[in-house]
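Heads up, the sequence shown is in the working numbering, so the first residue is 21 and it goes up one at a time. Inspection log for the structure reproduced underneath, given as structure tokens.
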Amino acid sequence: MASTHLSSRHSSKFFFLYWEDKERVMTSEEMLKRTESIIEEMDKRGISDKPLRKVVGQVQKESVAKMQEYEEKIETVGERGSYSKTDKDATFMRMKEDAMNNGQTKPGYNVQIATENQFITNYDIFWQPADQATLIPFLDSFEMRYGRQSVAICADSGYGSEMNYEYLVGNGILPYVKYNMFHKEMTRSVKNNPYLASNMHYNKDEDYYICPMGQRLEYVGETHETSDLGDVSTKSIYQAKNCKGCPLRGECYKGKSHQRRIEVNHRNNELRV
């Protein structure tokens, strides 16, 4: 500002000039130093604005303390989405149904145990509620413990994911791991549905699908999806030229477009065979 002296009526503007920082979030330590510098500058310039000094004092005593509390909580929660106040290492997870078929969210741990010939060979504790996220670090801990990796593993569909299959195949581990949609795909409603992409004929050499009416769905591009675990999946997009007037249109899909589109993750299909 041009003036070297700030009167009482300008002091609020003076306060915000020192306070604003739009580039990043201010830490509690930085906020404390900022308020101290404001008071020091006000004393130096002879500004006796009681309401303003009261606000700055409240920030020093109350806001800074609250920020420190929030910073501690953020540090405690880390990558997790929650934690228990009584057991800060525990994360809230959806537990399995009790005797009354009531599923509840409670603080807990995801304990992983590996066995071979009825002997426990490895164990670990994770904060992630989903088993998918634990497979790779669990196998890494097995290798660190024994200096070698498993030849084969057997796990249920909760561990099936493209990222886990890539890891297993890449490390020469024979995977007996169901993919997460395995049981659903075994049902009649899925196996006998000719309109699902998984049941359409695929010409691998020329890269196109055939719908139940015999029309081609040609490759038109691809899309990339990032999961909550950070792995990136690539899906190929196939599209029909014109579905207008097709007698199977109503059963095939409900979209407003007259061009049926499907998305297929070829790499995932290869890995889970």
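Ideal Cβ positions, reconstructed from N, Cα and C, are used throughout, including at glycine.
* Using the beta-carbon count (16 or more within 10 Å), is Cys174 buried or exposed? -> Taking the first residue of the sequence shown as position 1, residue 174 is located at position 154. When all chains shown are included, Cys174 counts as exposed.
* Please state if the CB of Ser177 and the CB of Lys198 are separated by a distance shorter than 8 Å. => Locating residue 198 in the sequence shown gives position 178, counting from the first residue. Locating residue 177 in the sequence shown gives position 157, counting from the first residue. Yes, Cβ-Cβ distance for Lys198 and Ser177 is below 8 Å.
* Asked: Taking DSSP as the reference, what is the three-state secondary structure of Ser32?
  -> Stepping through the sequence shown from its first residue, residue 32 is reached at position 12. Residue confidence is low: Ser32 scores 45 on pLDDT, short of 50, so the model does not pin down where it sits. Its coordinate-derived value is still stated next. Shown here, Ser32 sits in a helix according to DSSP, grouped into three states.
* To do: To the nearest angstrom, report how far apart Asn289 and His221 are at their CA atoms.
  => Position 269 of the sequence shown, counted from the start, is the residue given in the question as residue 289. Position 201 of the sequence shown, counted from the start, is the residue given in the question as residue 221. So the alpha carbons of these two residues sit roughly 14 Å apart.
* So, using beta-carbon positions, are Met51 and Val84 closer together than 8 Å? -> Translated into positions along the sequence shown, residue 51 becomes position 31. Translated into positions along the sequence shown, residue 84 becomes position 64. Taking the C-beta atoms as reference points, Val84 is found nearer than 8 Å to Met51.
* Asked: Considering only the beta carbon of each residue, do Tyr258 and Tyr229 sit closer than 8 Å?
  -> Along the sequence shown, one-based indexing puts residue 258 at 238. Along the sequence shown, one-based indexing puts residue 229 at 209. Judged by beta-carbon spacing, Tyr229 lies within the 8 Å limit of Tyr258, meaning their Cβ atoms are closer than that value.
* Asked: Does the Cβ-Cβ distance between Asn191 and Gln169 come in under 8 Å?
  -> Here residue 191 corresponds to residue number 171 of the sequence shown, with the count starting at 1. Here residue 169 corresponds to residue number 149 of the sequence shown, with the count starting at 1. In terms of Cβ geometry, Asn191 and Gln169 form a close pair [threshold 8 Å].
* Proximal residues to Ala172 (C-beta, below 6 Å), its chain only, five neighbours per side dropped -> Here residue 172 corresponds to residue number 152 of the sequence shown, with the count starting at 1. Counting only Cβ-Cβ distances below 6 Å, and skipping sequence neighbours, we find Leu194.
* **Which of helix, strand or coil DSSP assigns to Cys231** => Residue mapping note: residue 231 aligns to position 211 of the sequence shown, counting from 1. Coil, per DSSP.
* Residues bridged to Ser253 (per DSSP) -> On the sequence shown, residue 253 is found 233 positions in, with the first residue counted as 1. Partner residues in the beta bridge of Ser253, as assigned by DSSP, are Glu245.
* If you follow the alpha helix (DSSP H) that Leu194 is part of, which residue opens it and which one closes it? -> As a first step, residue 194 must be located in the sequence shown, where it is residue number 174. Note, Leu194: premise wrong, no alpha helix (DSSP H); beta strand (DSSP E) at 194-197.
* To do: Classify Leu216 as helix, strand or coil using the three-state DSSP reduction.
  => For the purposes of this step, residue 216 is taken as the residue at position 196 of the sequence shown. Note: Leu216 maps to coil in three-state DSSP.
* To do: Within 10 angstroms of the Cβ of Val76, are there 16 or more other Cβ atoms? Answer buried if so, exposed if not.
  => For the purposes of this step, residue 76 is taken as the residue at position 56 of the sequence shown. Buried, since its Cβ has 16 or more Cβ neighbours within 10 Å.
* Keeping to the same chain, check which residues put their C-beta closer than 8 Å to that of Glu163; ignore five residues upstream and five downstream. => For this step, residue 163 is matched to residue 143 along the sequence shown. Excluding residues within five positions, the ones whose Cβ falls inside 8 Å are Gln169.
* **Terminal residues of the beta strand (DSSP E) in which Asn122 lies** => Start at 1 with the first residue of the sequence shown, and residue 122 comes out as number 102. Asn122 -> no beta strand (DSSP E), and no H or E assigned at all.
* Contact set for Lys255: own chain, Cβ-Cβ below 8 Å, skip 5 residues either direction -> As a first step, residue 255 is located in the sequence shown; it is residue number 235 there, counting from the start. Excluding sequence neighbours, Lys255 sits near Glu242, Thr243, His244, Glu245, Glu283, Val284, Asn285.
* **Chain-order list of residues whose beta-carbon lies under 6 Å from that of Met113 (same chain, five-residue window excluded)** => Your numbering for residue 113 matches position 93 in the sequence shown. Gly128, Pro149, listed in sequence order.
* So, is Ile67 buried or exposed, given that buried needs 16 or more other C-beta atoms within 10 angstroms? -> Sequence index remark: in the sequence shown, residue 67 carries index 47 (1-based). Here Ile67 is buried, its C-beta having at least 16 other C-beta atoms within 10 Å.
* Asked: Can the beta-carbon of Tyr273 be found closer than 8 Å to that of Tyr215?
  -> Along the sequence shown, read from residue 1 onward, the residue named residue 273 stands at position 253. Along the sequence shown, read from residue 1 onward, the residue named residue 215 stands at position 195. With a cutoff of 8 Å on beta-carbon distance, Tyr273 and Tyr215 are scored as near each other.
* Between the C-alpha atoms of Pro232 and Tyr179, what's the straight-line distance to the nearest angstrom? -> For the purposes of this step, residue 232 is taken as residue 212 along the sequence shown, with counting starting at 1. For the purposes of this step, residue 179 is taken as residue 159 along the sequence shown, with counting starting at 1. So the alpha carbons of these two residues sit roughly 33 Å apart.
* Could you tell me if Gln132 is buried or exposed, where buried requires 16 or more neighbouring beta carbons within 10 angstroms of its beta carbon? => By 1-based counting over the sequence shown, the position of residue 132 is 112. Gln132 should be labelled buried.
* Asked: Taking the alpha carbon of Leu249 as the point to measure from, which residue in Thr154, Glu205, Cys266, Gly265 has its own alpha carbon closest?
  -> Along the sequence shown, read from residue 1 onward, the residue named residue 249 stands at position 229. The residue with the shortest Cα to Cα distance from Leu249 is Thr154.
* Whole angstroms is fine: what's the gap from Asn130's alpha carbon to Glu91's? => Taking the first residue of the sequence shown as 1, we reach residue 130 at position 110. Taking the first residue of the sequence shown as 1, we reach residue 91 at position 71. Cα to Cα, Asn130 sits roughly 26 Å from Glu91.
* Report all residues from its chain with a CB closer than 7 Å to the CB of Lys33; omit the five preceding and five following residues, and keep chain order. => Here residue 33 is taken as the residue at index 13 of the sequence shown, counted from 1. Only weak support exists for where Lys33 lies, its pLDDT of 42 falling under 50; the value from the coordinates is given anyway. Same-chain partners within the cutoff: there are none.
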